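Using my numbering, you'd call the opening residue of the sequence shown number 3 and step up by one each time. Idealized CB from N, CA, C, for every residue including glycine. Since this is a predicted model, take the numbers as computed values, not measurements.
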Amino acid sequence: MSVSKQQILNEIKRTAKENGGKPLGASRFEKETGIKPYDIGMFWARFGDAQKEAGFMPNQLQVAHANEFVSEKIIGLTRKLGRFPTVREIILERKLDTDFPSKGTFQRLGSKGQLAKKIITYCKTKDGYENVIALCKPILERIDEGDVSTNPSNNQRLGEVYLFKHGKYYKIGKTNDTVRRGGELRIQLPENLDLIHSIKTDDPSGIEAYWHRRFESKRMNGEWFDLNSSDVKAFKSWKRIA
């Protein structure tokens, strides 16, 4: 069944009113109204043009779209992890997905508890998001050390996750003193050992585990891996995670 131009405008206004006066993003609008991009394309080049004709200013659209985008991204990560993410997990996801919002974006939304509350409010407007609400609720009762709004103390001692090369193989491990650890390994090994790179972090165990999982298919024995130049480049792109 075809949809008229006026019907589309009416639906934009109706759904915006139900959403606290904020127009919906294109994907959510389609889910809630059943109006397809094809229907909108019959009258406008872009969905934003239809929203403007419905009486919404560009800044309103940007805020609504930005909020929906950020909410869906954090919801996706929450589902992936099976719990609400910590700041370190947000940083890691940003490394893996360049479209994922930065830590600063989430910090601007408030504390971890405030962010969880906003996600719950957003999820209550949608069907099939009950599991996300359940995963967010514990955060309202207990704010853990991984709060998105918390910055590590400047006095906190950082550890390191290192990448050493010995012959053709690479060792990935963690330490509080890369120089000392390098000396220990050189005593154990007959050939030269070169420090390729180290990542400073307040969570050396977590970062080490991440790289071990990422290169699991290339593991030789223990912490030794058979890496190629692209793998090494990826590791060296991480400077500091804290």
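Of the residues Glu91, Gly115, Gln116, which one's Cα is nearest the Cα of Ser104?
Glu91
Burial state of Pro140 (16 or more Cβ within 10 Å):
With fewer than 16 other Cβ atoms within 10 Å, it is exposed.
Report the option in Gly27, Asp204, Lys128, Lys120 whose CA atom is closest to the CA atom of Lys76.
First, the residue type needs correcting, since residue 76 is Ile and not Lys in the sequence shown. The shortest Cα separation from Ile76 among Gly27, Asp204, Lys128, Lys120 belongs to Lys120.
Out of Val72, Gly130, Gly175, which one is the CA nearest neighbour of Leu111?
Val72
Residues in its own chain within less than 7 Å of Glu147 by CB, not counting five upstream and five downstream?
Unreliable placement is indicated for Glu147, whose pLDDT of 43 sits below 50; no coordinate value is reported for it.
What is the DSSP secondary structure of Gly224, reduced to helix, strand or coil?
coil
CB-CB length for Val163 against Lys176, believed under 8 Å:
The beta-carbon distance between Val163 and Lys176, rounded to whole angstroms, is 5 Å. This is short enough to meet the 8 Å contact definition.
Cβ shell of Glu55 (< 8 Å), same chain only, five flanking positions each side left out
Leu11, Trp46
Rounded to whole angstroms, what is the Cα-Cα separation between Ser29 and Leu83?
24 Å
Just the Cα atoms here: how many angstroms apart are Leu191 and Glu95?
Unreliable positioning characterises Leu191 in this predicted model, as indicated by a pLDDT of 46, which lies under 50. The coordinate reading is nonetheless provided below. So the alpha carbons of these two residues sit roughly 36 Å apart.
Among residues of its own chain, excluding the 5 on either side of Gly57, which ones have a beta-carbon nearer than 8 Å to its beta-carbon?
Lys15
Run through the region 57-108 for me and flag every whole alpha helix (DSSP H) of 4 or more residues, listed as ranges in chain order.
Entirely contained in the region 57-108, the alpha helix (DSSP H) runs reaching 4 residues are, in chain order, 60-83, 89-98.
Helix, strand or coil for Arg48, going by three-state DSSP, please let me know.
coil
Could you pull out every residue in the same chain whose Cβ sits closer than 6 Å to the Cβ of Cys125, ignoring the five residues on either side in sequence?
Tyr131, Val134, Ile135
Considering only C-alpha positions, which residue in the set Asp233, Trp240, Ile42 is nearest to Arg216?
Asp233
Hey, how far is the Cα of Gly23 from the Cα of Gly106?
Using only the alpha carbons, I get a separation of about 26 Å.
Give the single residue among Asp99, Glu13, Lys128, Asp204 whose Cα lies nearest to the Cα of Arg242.
Asp204
Same chain, Cβ closer than 6 Å to Trp240, five either side skipped, listed in chain order
Taking Trp240 as the centre and dropping the five residues before and after it, the same chain places the C-beta of Ile201 closer than 6 Å to its C-beta, in chain order.
Could you spell out where the alpha helix (DSSP H) holding Phe166 opens and where it closes?
Run containing Phe166: none in the alpha helix (DSSP H); it sits in the beta strand (DSSP E), 161-168.
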